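What the sequence shown shows, in my numbering, is residues 390 to 455, in sequence order.
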Amino acid sequence: MKSIRFSENLRELRVAKKLTQKQLADILQVDQRTISAWEKGVCEPNFSILLKLCEFFDETFDNILT
390 MKSIRFSENL
400 RELRVAKKLT
410 QKQLADILQV
420 DQRTISAWEK
430 GVCEPNFSIL
440 LKLCEFFDET
450 FDNILT
């Protein structure tokens, strides 16, 4: 996975939906610090969370990851 591109894409998608990190975290049932870490490229979500992200944002894996 390309962390930097993923982190940029995640932030852009979140901001486009006018969501805070906390709001997205609540939707995904993760901690806000987790969203922050993903957006900073510190770590990456697991497959099940990626699937939730794709469903929520109505995006393909390719669009989110690259």
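We treat Cβ as the ideally placed atom computed from N, Cα and C, and that holds for glycine.
A quick note: this is a predicted structure, and the numbers were derived from the prediction, not measured.
Assuming residue i and residue j form a contact by the criterion Cβ under 8 angstroms, report the distance between their Cβ atoms to the nearest whole angstrom.
i, j, result
"Phe350", "Leu439", "In the structure displayed, the chain extends from 390 to 455; residue 350 sits before or after that span and is not available."
"Leu399", "Glu428", "6 angstroms"
Here's a check: name, in chain order, each residue in its chain whose Cβ is nearer than 7 angstroms to the Cβ of residue i, leaving out the five neighbours to either side.
i, result
"Cys432", "Ala426"
"Lys391", "Interpretation of Lys391 is limited by its pLDDT of 49, a score under 50 that renders its predicted location unreliable; the figure taken from the coordinates is listed afterwards. Same-chain partners within the cutoff: Leu454 and Thr455."
Output the distance between the C-alpha atoms of residue i and residue j, rounded to the nearest integer angstrom.
i, j, result
"Lys411", "Gln421", "5 angstroms"
"Arg403", "Asn452", "14 angstroms"
"Val419", "Thr455", "23 angstroms"
"Pro434", "Glu401", "16 angstroms"
"Phe395", "Ile424", "12 angstroms"
"Ser437", "Leu417", "10 angstroms"
Excluding the 5 residues flanking residue i on each side, which residues of the same chain have their C-beta closer than 6 angstroms to its C-beta?
i, result
"Glu448", "none"
Skipping 5 residues on each side, what residues in its chain have a beta carbon closer than 8 angstroms to that of residue i?
i, result
"Gly430", "Ser392, Ile393, Phe395 and Ser396"
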